[in-house]
Structure formats: C-alpha cells, structure tokens
Amino acid sequence: MDDAVWMKEALLEADKGRNLGEVPVGAVVVKDGQIIARACNQPISSCNPVAHAEILALQSAARAIGNYRLVDCDLYVTLEPCTMCAGAIVHSRIRRLIYGAAEPKAGAVHSAARVLEQPQMNHRVEVTGGVLQGECSEMISDFFRFRRQQRREEKRKQPFVEK
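Start counting the sequence shown at -6; every next residue gets the next number (our numbering).
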C-alpha cells in the first residue's frame, strides 16, 4: 500500500491526541500490510514523560507479535521523532521509519540531529520523510496557534493589579 494511506491513519491518531489536550502526534506500526499497533501522544494525560506516540506504538506492536524486535515492521509517525524515540526505533529493529512533518528544534532524524545515521548504531533504518507533510505540519501548527490564543485570552481575563 501507499505510504500516504498509513500516514492518514497516523493523522487519525494525532487527532485523538489533540482531543486529549496533547501535542497532536500519531503513530502506527504496519507489518505485512496490516496495522498491528497505533497510538497518540499521551505524556500529559498519563503523567509519563516517555509516553510519546512512537514509544506507545512500539510497545503495543511488540506485545501484539510477542517480540520486542519488530523486524519487518514499518513505523509511520506524523512528526519527525525526537532523540528518545529514534533510539527506541533502533532498538526495536524497525525496518522503515516514515514521518510527515520535520521538527526543526528537536527532530533527531534529519533536522536537529541525525541519530539514525550514527556509525555506532547496530541497526540501520530506512527513512522516508515528508509524507503528507502539509497535513501533518498544519495539525501541529494549528494546535500551537490555538494554545497561544488560549494563553492570550487567559491573560486578558486576569485582573490588573497595580503595584
């Protein structure tokens, strides 16, 4: 199947995260043309700093196949993974990483760092970036625009206190 089909599934997960008040990042793991795991970001709602969509999807996929090594599995994620997630992708032996939007500040695949290209890594991951980049970028941008607007409104509602 086309990468765009699976990325649309990851976008559905990102939307679930947005509805939870999380940064809207979604991930799906595909093996043999079937989704075996899906997840959205949940660090805020779960009070868990490692509950990124990628980590949760990898954990679920490992349980689904009964092996922590996800050989012959592909990971689709709406945002370029961070350093933590890039490390988990290597350790889980994901075959392919396909992501949507670049993350210029914390992206650890092509943007801020190139973790997967480090020569000491014991597994090589094939990477494709920019799949449905427009939709993925728009979802993140809209989320943060909305959050900034909320903060401005909250500040306006605060009573003025003269010192």
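Positions of the beta carbon are idealized from the N, C-alpha and C atoms, including for glycine.
Small disclaimer: the values here were computed from a predicted structure and weren't measured.
Assigned exposure category for residue i - 16 Cβ within 10 Å defines buried
| i | result |
| --- | --- |
| Cys40 | exposed |
| Pro112 | exposed |
| Gly10 | buried |
| Gln142 | exposed |
| Val70 | buried |
| Ala(-3) | exposed |
| Gln27 | exposed |
| Asn34 | buried |
| Ser134 | exposed |
| Glu6 | buried |
Beta-bridge partners of residue i, as assigned by DSSP
| i | result |
| --- | --- |
| Ile91 | Tyr69 and Thr121 |
| Val21 | Arg31 and Tyr69 |
Contacting residues, own chain, Cβ-Cβ under 6 Å from residue i (five flanking each side not counted)
| i | result |
| --- | --- |
| Thr121 | Ile91 |
| Met132 | Ala7 and Pro17 |
Coarse secondary structure for residue i, derived from DSSP in three states
| i | result |
| --- | --- |
| Cys157 | Residue 157 cannot be examined here, being either before or after the span of the chain that is shown, -6 to 156. |
| Arg62 | coil |
| Glu134 | One detail in the question is off: residue 134 reads as Ser in this sequence, not Glu. Three-state result, Ser134: helix. |
| His84 | helix |
| Gln113 | coil |
| Phe107 | Going by the sequence as given, residue 107 is Arg instead of Phe. DSSP places Arg107 in coil when its eight states are reduced to three. |
| Leu4 | helix |
| Leu49 | helix |
| Cys40 | coil |
7 Å CB neighbourhood of residue i in its chain, flanking five on each side removed
| i | result |
| --- | --- |
| Ala101 | Pro74, Cys75, Thr76, Ala79 and Val108 |
| Ile37 | Gly14 and Glu15 |
| Ala54 | Val22, Ile29, Ala30, Leu63 and Cys66 |
| Should the stretch 36 to 50 be regarded as contacting the stretch 7 to 20, the criterion being three or more beta carbon pairs within less than 8 Å? | yes
| request: Specify whether the stretch 53 to 65 and the stretch 92 to 99 touch according to this definition: at least 3 beta carbon pairs, one from each stretch, less than 8 Å apart. | output: Not touching, per the Cβ criterion.
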